[in-house]
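Counting with my numbering, you get residues 20 to 207 for the letters of the sequence shown.
Below is one structure, written out as C-alpha cells; comments come after it.
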Amino acid sequence: MKNYKCFTLIELLIVVAIIAILAAIAVPNFLEAQVRSKVARCKSDMRNLANALEAYFVDNNKYVTENSDLLGYLNESERAARGFRWLTTPIAYITSFPLDPFTMTTTRWGKPGAYWWYNWMERNGGQLWSFDAASYKDYPWVVGQWAWGIWGMGPDSIANGYLPYDATNGTVSAGDILRLGPGGKFTN
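Next comes the structure, spelled out in C-alpha cells:
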C-alpha cells in the first residue's frame, strides 16, 4: 500500500471552520470601524463647510443663500443642484464640495450624496433640499435662532431630521449627523 502525503477531508473541514470563525469575528469589527470612519469624515467635511460659510460671512457680512446673486438666474431645482458652488466660485472658500459618505448612491436633482443646507436667517433652503420655516416644528431638539445648518443622513442613510445621531445608541443607529451655525444648540 502506498503512503500518500495529503490532507484528509476532516483536516480541510477543520481549516475551513477555523477560517469561518475568524471571519465571523473580524468582519463585524471591520464594518464598525468603517462606520466610525465615515462618521468622522462626515463631521470633518461639515467642519470644513462651516469654516467656508463663516469665511464667506466675514467677507460679505451675510451668509450665502439660494437666492445669492451668483445663483439668481437659476430655477429652484437648478439652484439646489449647484450645491455650495457659491463657496467655490469665484472665490474659493472651499476647494471642492464634499459628498456625504452615507448617501454616495442617493441622488437628488442629479447630484449624488450631497449634504443638505439651510439658511435660517434668510428662510431659504439651499443645498439639495429646501425646508420652509414651518418645518422646524419637527426639530424640537434644536433651539435658538441659528444662522445655518448642515445635515448628513448618518449611518442609517435615512433622513431622520428630528433625531440627531449618537454613537452611544449603537454605531449603526438612527439619526442624522448635523452641524448648526451661530445661535444653534441641541437640547438633551
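A virtual CB, placed ideally from N, CA and C, is assigned to each residue, including glycine.
Owing to the predicted nature of the structure, the values given are computational and were not obtained by experimental measurement.
Start-to-end residues for the beta strand (DSSP E) that takes in residue i
i    : result
L182 : From DSSP, L182 is part of no beta strand (DSSP E); its letter is neither H nor E.
Selected residue, minimal CA-CA separation from residue i, among the options
i    : options                : result
F121 : V54, L32, Y75          : V54
T190 : I38, F49, F26          : F49
A178 : I37, N70, A186, D195   : D195
I110 : G173, V77, M65, A43    : V77
W170 : W105, R66, T108, L106  : R66
A71  : K24, W167, V46         : W167
C61  : S176, P201, N188       : S176
D119 : L106, A74, T108, S63   : S63
P200 : L28, F26, A74          : First, the amino acid is wrong: residue 200 is Gly here, not Pro. Looking at the Cα atoms, A74 is the closest of the given residues.
S192 : T27, I29, E51          : E51
L197 : N188, M172, T187, P117 : M172
Unbroken alpha helix (DSSP H) run spanning residue i, endpoints
i    : result
L118 : From DSSP, L118 is part of no alpha helix (DSSP H); its letter is neither H nor E.
L28  : 28-79
In DSSP terms, what residue i is bridged to
i    : result
G171 : I196
Cβ separation of residue i and residue j, assumed to be a contact under 8 Å, to the nearest whole Å
i    : j    : result
I4   : L41  : In the structure as shown, the chain begins at 20 and stops at 207. Residue 4 is therefore absent and cannot be evaluated.
P174 : V58  : 7 Å
T13  : S115 : An answer regarding residue 13 cannot be provided, because it is not within the stretch 20 to 207 covered by the chain.
Legend entry - Three-pair Cβ contact test at 8 Å for the segment 72-83 versus the segment 25-45: no
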